[in-house]
Every structure is written in structure tokens, then in C-alpha cells.
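Asker: Numbering (this note's numbering), first residue to last: 47 to 477. For each residue, glycine too, the CB sits at the ideal point set by N, CA and C. Treat the numbers as computed from the prediction; the structure is a model and nothing was measured.
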Amino acid sequence: MLELAFVRDHLELLEQKLAERGWSLKLDHFREVDQQRRKLLTEVEGLKNQRNQASDQIGRLKKEGRDAGGIIQEMKSLSDRIQLLDQEVGQLDVQMREVLVNLPNIPHESVPIGKSEKDNLEIRRFGEPTRFGFDAKTHLELGESLGILDMERGAKIAGARFGVYWDLGAKLERALANFFLDVHVQEHGYREVLPPAIVNSASLFGTGQLPKFSEDLFKLEGTDYWLIPTAEVPLTNLYRDETLDAADLPISLVAYTPCFRSEAGSYGKDMKGIFRNHQFQKVELVKFAHPEHSWEEHEKLTHDAEAILQKLGLPYRVVIQCTGDMGFGSAKTHDVEVWLPGQGQYREISSCTNYEAFQARRANIRFRSGGKGKSEFVHTLNGSGLPTGRTWIAIVENYQQEDGSVLIPEVLRPYLGGVDRIAPPAALKKG
RNA sequence: GGAGAGGUGCUGGAGUGGUCGAACAGGGCUGCCUGCUAAGCAGUUACACGGCCAAAAGCUGUGUCGAGGGUUCGAAUCCCUCCCUCUCCGCCA
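#1: Any idea what DSSP makes of W341, helix, strand or coil?
#2: Taking N166 as the reference, which of D371, I320, E422 and D291 has the closest Cα?
#3: Under 8 Å, do V79 and M121 count as touching if we go by C-beta distance?
#4: Straight-line CA distance for V279 to L192?
#5: With DSSP collapsed to three states, give me the class of A277.
#6: Within its chain, find whatever has a CB closer than 6 Å to the CB of Q367; leave out the 5 residues flanking it on each side and keep chain order.
#7: Can you tell which of T426, E443 and D316 has the C-alpha that lies nearest to the C-alpha of A403?
#8: My assumption, with CB atoms under 8 Å, is that L93 sits in contact with V135. Please give the rounded CB distance.
#9: Buried or exposed: G209, going by 16 or more other Cβ atoms within 10 Å of its Cβ?
#10: Go through the region 188-242 residue by residue and report every complete run of the alpha helix (DSSP H) that reaches 4 residues or more, in order.
#11: Drop a sphere of 10 angstroms on the beta-carbon of A293, count the other beta-carbons inside from all chains shown, and report buried for 16 or more, exposed for fewer.
#12: Out of curiosity, what's the CA-to-CA distance linking N482 and T282?
#13: When you compare only the Cα positions, how much space is there between L256 and V157?
#14: State the DSSP-derived secondary structure class of I366, mapped to helix, strand or coil.
#15: CA-CA distance, R177 and I441?
#16: If the criterion is Cβ atoms closer than 8 Å, does the pair R363 and R171 meet it?
#17: Measuring alpha carbon to alpha carbon, tell me which residue in I169, L218 and T369 is nearest E155.
#18: Report yes or no: do three or more beta-carbon pairs, one from the region 283-302 and one from the region 328-345, lie closer than 8 Å?
#19: Which residues bound the alpha helix (DSSP H) around F404?
#20: Ends of the beta strand (DSSP E) at S430?
#21: Report all residues from its chain with a CB closer than 8 Å to the CB of D139; omit the five preceding and five following residues, and keep chain order.
#22: Quick check: the Cα distance between Y461 and A351, rounded to an integer number of angstroms?
#23: Taking the alpha-carbon of V452 as reference, which of A182, I169, S162 and Q81 has the nearest alpha-carbon?
#24: Assuming S421 contacts R412 under a Cβ cut-off of 8 Å, what Cβ separation, rounded to an integer in Å, is found between them?
#25: Check for me: the beta strand (DSSP E) holding F172 runs from which residue to which?
#26: For N246, report the span of its beta strand (DSSP E) as first-last.
#27: For P387, which three-state DSSP category applies?
#28: Identify the residues that DSSP records as bridge partners of A335: which are they?
#29: What is the residue span of the alpha helix (DSSP H) that A51 lies within?
#30: Can you name the residues that DSSP bridges to R414?
#31: What are the boundary residues of the beta strand (DSSP E) that includes A301?
#32: Which of helix, strand or coil does DSSP assign to E394?
#33: Output the distance between the C-alpha atoms of F52 and H75, rounded to the nearest integer angstrom.
#34: Between which two residues does the alpha helix (DSSP H) carrying L149 extend?
#35: What first and last residue would you give for the alpha helix (DSSP H) that runs through T88?
#36: Would you identify the three-state DSSP class for H154, choosing helix, strand or coil?
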């Protein structure tokens, strides 16, 4: 959410910036509503002032045992008028809020202008795309032949876009989660959190998923409970309606949670295997930063996610999402894209975003120096560090061998009880 | 799930219709006092959003006593709905 005063004073700039994001938006209606609202607000506040003074007077008169009937009569009509105006102001508030709440964030100046992901700007690479002397298989082919991934039974017990890991497939995912958490806690200074995987609508509003994107979410019937699409939601909302101490910033949190997405509107896309499932698990990084330092923190956050891929020896590149590709609340997003030999392309594995104060305004997360002075909104940031499912894919595809087995990267072996290779059942029998 | 008790400022805790944004105590801050510290004395101390002002300071208005509605000239106080916490019972990984 943008600041009302800012929107009011920068309507033209805003229309231009939103156009760069592919939004065509006329805000003159907003201007009218705003002016009308302020006019009525001034009026009703003046009347309330009269009423408050009269109330004091009535109280005094009654205490002295004198008659206050005359004033009370007068106040009746005044109160009716106040009630009427309050209602009008309330309606205008709703209209203004509707506009504000549905406005996306303004892109940072360093964000490239573009229409789609094709216009994203690559800023760095690590490693080279993995090449094989044989035809690379997909994670689905490898997973099924190794007996570690089972989409058929996932479909049976739940439906399309659900998978089941077996044996070392399950253990690999667990190893990844532990490895990620350990690295971020021990080497990058994050605090580990285990939040609920169900949140209320106020939380989803705070991070910007509601009201605009409810169709992407799973809601529990007959309740105000929603399954989280990412741990960003519970983590960022931990400090909703709180004022933090500036000395505690930046606050860096990490959590491993399941994530649930309805994937409405993505029918047919990425249907093979577990790349785009309704449920996946993810280690998420969230930061609360002082506005003066949020861009440094954004760089750090991105590097924290990259560090994982480097340790795993997975080739990747980092791109800046262009204005047409970036998310609703983002001021700037770095996409980390890992090389997937099964698809022959780089695919998103982490989006590291600085929201600036966009979420903080919605969620009312402030900070103050030493409990003194005026409070300000913090800047919030988040990114995956990393999704265990997509990393699972990347490992299986990049470390596949000609015989269909998969080598385990060195750093993961301690987490897998020393296992260095996932071999097909047949090979196991022979060996 | 059933029964009961509660939710007030940084904290504890008063307050059941009228100078209540809120007694009192603690804490914080400022000053005085003081070898140092502690104690003592005096003062001060919520937040949000508007308006005036070039701006800051300052002045000023409105709102906020879990949330939202209602009654009333007037609500922390009365009524309704919801949320949360605690105690006991039941159930349960």
C-alpha cells in the first residue's frame, strides 16, 4: 500500500509508473473523492468539537443540579447531522481504500522497464549449464526409475499436482531443509522460526495476497483460515501492529514450512513432476530493515540464497525482474534461476524482493529509535532460501549419471547419513 | 466441545453513563540535591490521523481503554456480535 499523502501529491507520476508496470489506471476519480472526503471530514470534526464542548457543559450543569434540557435538545439535531456526515465520510473512505489497497508498489529506479520475463535483466552467473555425454533425463523420469518420486499415487490420494517422495527421495528433501536452515542460521545470522501454516485473512492482507489474489490461495471452508502460500506471510506478520526498536534492525528470520498454492490460471503449465505443485516445502528468508539500509539488505538476502546453490555446486544466474514481470508489492525483485538440464533452461528457484514500506504500511509494522521520537514504517524483504522441492529437482537433474543414478553433492552427504549416490533398484540388487 | 472469569497506557492496577486520555503505584526522561551509587525533592512521560505554519518548533481538531456494531445530548463504563487469554471438565497427536 502506498501512502495516501504520496498518492494525493503524485497522481501523474503514479499513472506513469503504473503504466510501466502494464497498468492503465486513471486516478482523477480518486482526486475528486479525496477532496470531497477532506471537505466533509473538516466539517464533521468541527461539529464533533461543538458536541464535545456541549457535553462537558451538560456534565457541569447536571453536577450543579441545573437544567440542561435546552442544550440536550440542540445536541440531538447536531448528533443526527454528525451521524449522517460520518456515514458519508465512511463511504468515501471505503472508496479511497479500495483504490489504495489495489495499487501495486512503485518500481525502484534501477528496475528495467519491460513487458514480460523476456525483458528481465541478467546481472550475474555462477557456473556453466551442465552438459552430459548422453541425453539428460527429467527429474520425473529419474525420480520414477529410482523409485523415489511417485506422482501416480500422489494423484490417487490427493489429485493432480501432488507428489509422493519415497525413501531417499523423502530423505533428500529433509536433508535439504536441514542443510538450508543450518547455513542460514549458522553462517548468515538468521533466527529460526516455526510458524503456523494456516493464517487469517488479516495476515494475507498485510503481505499483499489479499484482497486481490484470493484465487491463488486455498481457504478452509467455513472459517477465516487460509493455507499459507509461503512462509513470507506468517513471518512478516509476526510483527504486525507492532513498533520495533531501531536498534534491533535488521531482523532476519528463516523458516521451513509447507506452502500451498491453488495454481489457478496455470493449467497445463509445468505439469511434469513436482515443479509446480499445490503443496511444496520451502525455506524462506524474511528481513525487517531500516529504510536507510534495506537495499544493502536486499543484496545480502540475494547472496544468502545464492550461497546455497554455490555450496551445492548448482549453476545459476541472477536476473532483475523487469517492470512488467515483477510482483504486486515489489519495489525490486532479484530472481535467482537455477539451471535445469531436464528442461534445458534456467528456471526460477528464488525471488528476492524488497517491498520497501509497501507491506509495512498494510501490516502496520513500525520502528522507533530507543522508544523515542516519531515512528516510521520498516522495510520488509523476503526471498526463498531455497524451496526444497525445486532444489530437489535441480540436484537430481544436474547430478544425474549415465546409468540413471544420482550423485549426492559433498555438503549434503552428512545430512543423508553418508549416502553419496542414489542408485536404481536394479543396480542395488547387482551391487 | 461444555462451564466460569477476564481483556484498560511501557508495566501493575483503579475506574459501572458526564470536565476520563483515564486515579494511584512502578518504570522512563529532565532538573535539583549529591565524593560515587542509592535514596530524596520537583517536573515530565501514549499513539494515530487531520488543520494552521514555507518548514521546524509550536498551537489546534478528531479518534483510540481487545475488534466491530448499537443505545444516548454524551460510552472505558449499558446492550449485541466476534476475537483472544486464564481456570475447571471432556476429548486428543
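Answerer: Taking the structure as given:
#1: Residue 341 sits at position 295 when you count from the first residue of the first sequence. If DSSP states are grouped into helix, strand and coil, W341 belongs with the helices.
#2: As a position in the first sequence, residue 166 is number 120, starting the count at 1. When each option's Cα is compared against that of N166, the closest is D371.
#3: Translated into the one-based positions of the first sequence, residue 79 becomes position 33. Translated into the one-based positions of the first sequence, residue 121 becomes position 75. No, the pair does not count as a contact, with Cβ atoms beyond the cut-off.
#4: In the first sequence, residue 279 corresponds to position 233, counting from 1. In the first sequence, residue 192 corresponds to position 146, counting from 1. Taking the straight line joining both Cα atoms gives about 35 Å.
#5: Looking up residue 277 in the first sequence gives position 231. It is coil, neither helix nor strand.
#6: In the first sequence, counting from the first residue as 1, residue 367 sits at position 321. Same-chain partners within the cutoff: N166, T379 and D381.
#7: Within the first sequence, the letter at position 357 stands for residue 403. That would be T426, whose Cα lies nearest to the Cα of A403.
#8: Residue mapping note: residue 93 aligns to position 47 of the first sequence, counting from 1. Residue mapping note: residue 135 aligns to position 89 of the first sequence, counting from 1. Their Cβ separation, rounded to whole angstroms, is 12 Å, which puts L93 and V135 out of contact at 8 Å.
#9: The residue labelled residue 209 in the question sits at position 163 within the first sequence. By the neighbour-count rule (16 or more Cβ atoms within 10 Å), G209 is buried.
#10: 197-203 and 213-232
#11: As a first step, residue 293 must be located in the first sequence, where it is residue number 247. With fewer than 16 other Cβ atoms within 10 Å, it is exposed.
#12: Limits of the chain in this structure are 47 at one end and 477 at the other, which puts residue 482 out of reach.
#13: As a position in the first sequence, residue 256 is number 210, starting the count at 1. As a position in the first sequence, residue 157 is number 111, starting the count at 1. Answer to the nearest angstrom: the Cα atoms are 25 Å apart.
#14: As a working mapping, residue 366 is identified with position 320 in the first sequence. Of the three classes helix, strand and coil, the one that applies to I366 here is strand, per DSSP.
#15: In the first sequence, the residue the question calls residue 177 occupies position 131. In the first sequence, the residue the question calls residue 441 occupies position 395. For R177 and I441, the distance between alpha carbons rounds to 14 Å.
#16: Along the first sequence, read from residue 1 onward, the residue named residue 363 stands at position 317. Along the first sequence, read from residue 1 onward, the residue named residue 171 stands at position 125. In contact: R363 and R171 (Cβ atoms closer than 8 Å).
#17: Looking up residue 155 in the first sequence gives position 109. When each option's Cα is compared against that of E155, the closest is T369.
#18: yes
#19: Numbered from 1 along the first sequence, position 358 holds the residue referred to as residue 404. Per DSSP, F404 belongs to the alpha helix (DSSP H) from F404 to A409.
#20: Here residue 430 refers to the residue found at position 384 of the first sequence. Run containing S430: H425 to P433, per the beta strand (DSSP E) assignment.
#21: In the first sequence, residue 139 corresponds to position 93, counting from 1. If we look at D139 and ignore the five residues flanking it on each side, its Cβ neighbours are R83.
#22: Locating residue 461 in the first sequence gives position 415, where the first residue counts as 1. Locating residue 351 in the first sequence gives position 305, where the first residue counts as 1. Rounded to the nearest angstrom, the two C-alpha atoms are 19 Å apart.
#23: Position 406 of the first sequence, counted from the first residue, corresponds to residue 452. Selected option, being the one with the closest Cα: A182.
#24: Taking the first sequence and counting its residues from 1, the one referred to as residue 421 is at position 375. Taking the first sequence and counting its residues from 1, the one referred to as residue 412 is at position 366. Sure, about 4 Å apart at Cβ, within 8 Å.
#25: Start at 1 with the first residue of the first sequence, and residue 172 comes out as number 126. It spans L167 to F172 - the beta strand (DSSP E) in which F172 sits, taken as one unbroken run.
#26: For this step, residue 246 is matched to residue 200 along the first sequence. Per DSSP, N246 belongs to the beta strand (DSSP E) from I244 to N246.
#27: Indexing the first sequence from 1 puts residue 387 at position 341. Of the three classes helix, strand and coil, the one that applies to P387 here is coil, per DSSP.
#28: For the purposes of this step, residue 335 is taken as the residue at position 289 of the first sequence. Bridge partners of A335: H425.
#29: Along the first sequence, one-based indexing puts residue 51 at 5. Unbroken alpha helix (DSSP H) run through A51: L50 to D55.
#30: In the first sequence, counting from the first residue as 1, residue 414 sits at position 368. D291, per the DSSP bridge assignment.
#31: Numbered from its first residue, the first sequence carries residue 301 at position 255. Element bounds for A301: I297 to F306.
#32: The residue labelled residue 394 in the question sits at position 348 within the first sequence. The answer is strand: DSSP assigns E394 an E or B state.
#33: Numbered from 1 along the first sequence, position 6 holds the residue referred to as residue 52. Numbered from 1 along the first sequence, position 29 holds the residue referred to as residue 75. Their backbone Cα atoms lie some 16 Å apart in a straight line.
#34: Translated into positions along the first sequence, residue 149 becomes position 103. L149 -> no alpha helix (DSSP H), and no H or E assigned at all.
#35: Translated into the one-based positions of the first sequence, residue 88 becomes position 42. Here the alpha helix (DSSP H) through T88 covers D74 to K109.
#36: Here residue 154 is taken as the residue at index 108 of the first sequence, counted from 1. In this structure, H154 counts as coil in the three-state DSSP scheme.
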